[in-house]
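Trainee:
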Amino acid sequence: GIGDIEVKMMPSIEQIPEWLDRSIQRPVGVFGGGLSGLAAKSLIRHLGGEATVFDELGKEDCETIFNLEIARAFELIIYSPGFRGDHPWICAAKEAGCLMVPEFDLGAALWRGPVIAVTGTNGKTTLVSFLNESFQHAGIESYAVGNIGSPLSLLLSKGCNAEAIAVCEVSSFQAENTSELKADHVLWTNFDEDHLDHHESMNSYFRSKYNLIVNARSESIFIGRSVYDYGKSIGIDFPESCVISEGDDIDSLGIRGSVFETRPELNTYLMARELWLALNLPEQELVDAAQSFVKSPHRMELWDKISGIRFWNDSKATNFHATLGGLSRFPEPVIWIGGGKRKGGDVGRFVQRLAPRIKTAELIGETKEELELALGNEGCPVLVHESMEAAVAMAMEKAKTGDNVVLSPGFASFDMFEGYEKRGEAFRKAVNGLKMEKRKSDD
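For the record, in the sequence shown the residue sitting at position 119 is 119 according to our numbering, with numbers rising by one throughout.
Right, here's the structure in full:
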């Protein structure tokens, strides 16, 4: 082992909790035919049980009807994160007396290695990816799982080493109902408005994530200042020692030239570093990993430069906190492309904080008219557009050499696109089109 983490090789699952061993003697119901639901089905079969998947969209090999009569055939129901507590299928299963277990808990109940749970409004994916790559760089077996990579259930169904490190990205949807996820270390990056269309309030949203700390195996907790401040405001007192310092001496840290030399990625590195040092791992290994680390696509990537104008793709910024944090890296106001599907939150407050950071706004999506009015009241020049291509073209027309055009929407993508990746790809395509036009005009 390295540091305080010892990794032992094992061929497959050896111990099954009593409740699970008992339940798989009968057919198991699985709600949701997506990645997590199919992973649960695969694991149940790996354990020797049988599973039936129910999905409202009628996906292949899935049942579409579930009611009280059907529920009585099952003792255990595994459900995907997208199922709310008031969903008719959930209600029917509970009325039938079924044991209700989130998909995340199914895998967590069988994992015996160290578990690192990572949550937060923003920065989760980058932190999980970086920690996973850092462990592997240091020769420690680990997996990035949960809301990133593969579900734990899928890895276990393939007979992986269940005593390796599981670095889990945990969304609020996953965290709110988990009881089997007993993390050895909890890293909570930050806290701000998000998913208020799902959670009843900021308090409810906060407590869904706090559930990870309630269930943790140890007091190894690392939190951002915003988490500490909100917790204190509702009567949860975290020890000051849990709060990650926001120092920015990148030269002494050895990360100049890496993706972590500017915020908000610097905060991600500092949190990873605190855990790394707490595990007594060599700091140079982390520095080396930082220098080679590449962020996942659509996270404030400099996509291209045309006539001295830089085009940035930050499509992953699906909430206010991410957008404001991303724009804070620019010393001058930017030409902003934003808007999309609402997830709740105070748009007026967001716009007040946003307006000083932008010189013009090109708006798309279902919130474009609302944002047009709010930004107009702040004295910000705005235009609304029906397509990404039109918004990018107008941004180019307005921009001057040295300007930054930034897609950092602040809202979900599902009003116009299948996901933030598709939105980011549309931005890339539009920028590529402008570059081709520029080359033709220069010829």
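Idealized CB from N, CA, C, for every residue including glycine.
How far does the alpha helix (DSSP H) with D251 in it extend, from its first residue to its last?
Mentor: Taken as a continuous stretch (DSSP letters only), the alpha helix (DSSP H) holding D251 covers 250-253.
Trainee: From G58 to S172, what distance separates their C-alpha atoms?
Mentor: Taking the straight line from one Cα to the other gives about 26 Å.
Trainee: Is there contact between the region 168-188 and the region 217-233, where contact requires at least three CB pairs shorter than 8 Å?
Mentor: Yes, since at least three Cβ pairs between the region 168-188 and the region 217-233 fall closer than 8 Å, the two stretches touch.
Trainee: Should K158 be labelled buried (16 or more other beta-carbon atoms within 10 Å of its own) or exposed?
Mentor: K158 comes out exposed.
Trainee: Could you check if N280 is buried or exposed, using at least 16 other CB atoms within 10 Å of its CB as the buried criterion?
Mentor: Exposed is the call here.
Trainee: Compare the C-alpha of S208 against each of A290, C160, S245, G120 and name the closest.
Mentor: The shortest C-alpha separation from S208 is found at G120.
Trainee: DSSP state of G29, grouped into three classes?
Mentor: G29 falls in the strand class under three-state DSSP.
Trainee: How many whole angstroms separate the CB atoms of K341 and F414, which I take to be in contact at a CB cut-off of 8 Å?
Mentor: K341 to F414, Cβ: 5 Å. Contact.
Trainee: Measure the Cβ-Cβ separation of F104 and T178 and say whether it is below 7 Å.
Mentor: Yes.
Trainee: Are I337 and A390 touching if we call contact CB-CB under 7 Å?
Mentor: Against a cut-off of 7 Å, the Cβ pair of A390 and I337 comes out as no contact.
Trainee: Quick check on G3: does DSSP put it in helix, strand or coil?
Mentor: Caution applies to G3, whose pLDDT of 45 falls short of 50 and renders its modelled position unreliable; the model cannot decide the point.
Trainee: Name the DSSP beta bridge partners of W312, please?
Mentor: According to DSSP, W312 bridges with L302, V406.
Trainee: Return the first residue and the last residue of the beta strand (DSSP E) that L99 is part of.
Mentor: That run of the beta strand (DSSP E) goes 99-102.
Trainee: Can you say whether T401 is buried or exposed, counting buried as having 16 or more other CB atoms within 10 angstroms of its CB?
Mentor: Per the 10 Å Cβ criterion, exposed.
Trainee: In chain order, what are the residue ranges of uninterrupted alpha helix (DSSP H) at least 4 long that sit wholly in the region 193-249?
Mentor: DSSP runs (the alpha helix (DSSP H)) wholly in the region 193-249: 202-214, 225-233.
Trainee: If you scan the region 81-163 from start to end, which runs of the beta strand (DSSP E) of 3 or more residues do you find wholly inside it?
Mentor: Entirely contained in the region 81-163, the beta strand (DSSP E) runs reaching 3 residues are, in chain order, 99-102, 115-119, 142-146.
Trainee: Please name the residue or residues paired with F54 in a DSSP beta bridge.
Mentor: Partner(s): F31, E63.
Trainee: Provide the residue span of the beta strand (DSSP E) that contains G338, from first to last.
Mentor: Run containing G338: 334-338, per the beta strand (DSSP E) assignment.
Trainee: Select from G348, L131, P356 the residue whose C-alpha is nearest the C-alpha of L371.
Mentor: Looking at the Cα atoms, G348 is the closest of the given residues.
Trainee: Do the region 58-71 and the region 115-134 meet, that is, are 3 or more Cβ pairs less than 8 Å apart?
Mentor: No: the two stretches stay apart, fewer than three of their Cβ pairs being nearer than 8 Å.
Trainee: Identify the continuous beta strand (DSSP E) that holds E169 and give its terminal residues.
Mentor: 165-169 is the span of the beta strand (DSSP E), which, as asked, contains E169.
Trainee: Could you tell me which of F417, D346, R423, I335 sits nearest to V382, measuring between CA atoms?
Mentor: Closest option to V382, Cα to Cα, is I335.
Trainee: By the 10 Å Cβ neighbour count, where 16 or more other Cβ atoms means buried, how is Q174 classified, buried or exposed?
Mentor: Buried, by the Cβ-count rule.
Trainee: Please check the pair R329 and R263, which I expect to be a contact at CB under 8 Å, by giving their CB distance rounded to whole angstroms.
Mentor: Yes, they are in contact, since the Cβ atoms of R329 and R263 sit about 6 Å apart, within 8 Å.
Trainee: Going by the DSSP bridge assignment, what does W188 pair with across the sheet?
Mentor: Partner(s): T119, I223.
Trainee: Using only CA atoms, which one of G97, D346, V101 lies nearest to Y79?
Mentor: Selected option, being the one with the closest Cα: V101.
Trainee: I need the straight-line Cα distance from L324 to E240, nearest angstrom please.
Mentor: Taking the straight line from one Cα to the other gives about 26 Å.
Trainee: Verify whether the separation of the beta carbon atoms of L76 and V28 is less than 7 Å.
Mentor: Yes.
Trainee: Return the Cβ separation of T125 and S296 in integer angstroms, given the expectation that the two are a contact with Cβ distance under 8 Å.
Mentor: So it is a contact: roughly 6 Å between Cβ atoms.
Trainee: In this structure, how does DSSP classify V431 when only helix, strand and coil are distinguished?
Mentor: Three-state result, V431: helix.
Trainee: From the DSSP output, in three-state form, read off T323 for me.
Mentor: Looking at T323 - three-state DSSP - the assignment turns out to be helix.
Trainee: State the CB to CB distance for the pair G424 and S315, rounded to an integer number of angstroms; the pair is presumed to be in contact (CB under 8 Å).
Mentor: Yes, G424 and S315 are in contact; Cβ-Cβ is about 3 Å, under 8 Å.
Trainee: Going by DSSP in three states, E261 sits in which element: helix, strand or coil?
Mentor: Coil.
Trainee: Go through its chain and collect everything with a Cβ distance to L375's Cβ below 7 Å, but skip five positions before and after it.
Mentor: Hits under 7 Å: V351, A355, A361, V382.
Trainee: Let me check one thing: in DSSP terms, what residues is Y269 bridge-paired to?
Mentor: DSSP output for Y269 lists no bridge partner at all.
Trainee: What first and last residue would you give for the alpha helix (DSSP H) that runs through A395?
Mentor: 388-398 is the extent of the alpha helix (DSSP H) around A395.
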